[in-house]
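Letter 170 of the sequence shown, counting from 1, is numbered 184 in my numbering, and no numbers are missing.
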Amino acid sequence: MKFLGSFILGLSFVAPLGAQDKRPLGVDDFLRIGIVGDPQISPNGALVAYPVTTPSLADDRNISRLRVLDLVTGSSRELTSGPGSDRAPRWAKDGLTLAFLSNRNGTSQVWRTRIDPSEGMQAFTALQLQRIPSKFLYVPDEGHFVLRLRNRRLWWGVVLDWLDEYLRPGAAKTNP
15 MKFLGSFILG LSFVAPLGAQ DKRPLGVDDF LRIGIVGDPQ ISPNGALVAY
65 PVTTPSLADD RNISRLRVLD LVTGSSRELT SGPGSDRAPR WAKDGLTLAF
115 LSNRNGTSQV WRTRIDPSEG MQAFTALQLQ RIPSKFLYVP DEGHFVLRLR
165 NRRLWWGVVL DWLDEYLRPG AAKTNP
């Protein structure tokens, strides 16, 4: 009896799958599919820049836009927009500058843009992207948190640099 109840319950989940309306793929379905090509991994291995090409009925041609995928968080965002197509992304050695080809001015030219991988990112993730081993410490009674680096020498180096920059005589009295 227990087996029969489980079997009937299982069929109740499978039945809706066959009840879905089936239709052939149309032109609109193909127009929504983007073609990904030429992915380029950043020097630090945290980001991937890639062009996505989609057909444009209004312009009667294919249009390519560059996107950036964050391999740490899994999020993706469009990097370029506007007239023309953008393609062939290439990372600079610093991992923050991306050069690409664009015909947005009518002829194919080399363009570049600066990528800030920590823009809108949690501080902990930003440290992880820079391959700095860190630990998250939260102080609930005092309402703040601290990111402590796991390597003590590196941690003290950061603290001493901060003290030297902000507390030496004649230094700017601004907080970071």
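We put the beta carbon where it would ideally sit given N, CA and C, even for glycine.
Of the residues Leu112, Ile47 and Asn117, the one whose Cα lies closest to the Cα of arginine 126 is Leu112.
In terms of Cβ geometry, leucine 115 and leucine 85 do not form a close pair [threshold 9 Å]. Taken atom to atom, the span from the alpha-carbon of glycine 88 to that of valine 82 is near 10 Å. By the Cβ neighbour-count rule, arginine 101 is buried, with 16 or more other Cβ atoms within 10 Å of its own. DSSP places aspartate 42 in no beta strand (DSSP E) but in the uninterrupted alpha helix (DSSP H) bounded by 41 to 45. Comparing C-alpha distances from serine 99 to each of Pro69, Asp43, Ile77 and Val50 shows the shortest one belongs to Ile77.
Approximately 12 Å separates the beta-carbon atoms of glycine 51 and threonine 68; this is outside 8 Å, ruling out the contact. For glutamine 54 against arginine 104, the beta-carbon gap comes to about 6 Å, under 8 Å, which counts as contact. Collapsing the DSSP output to three states places alanine 113 in a strand.
Annotated three-state conformation of valine 124 is strand, per DSSP.
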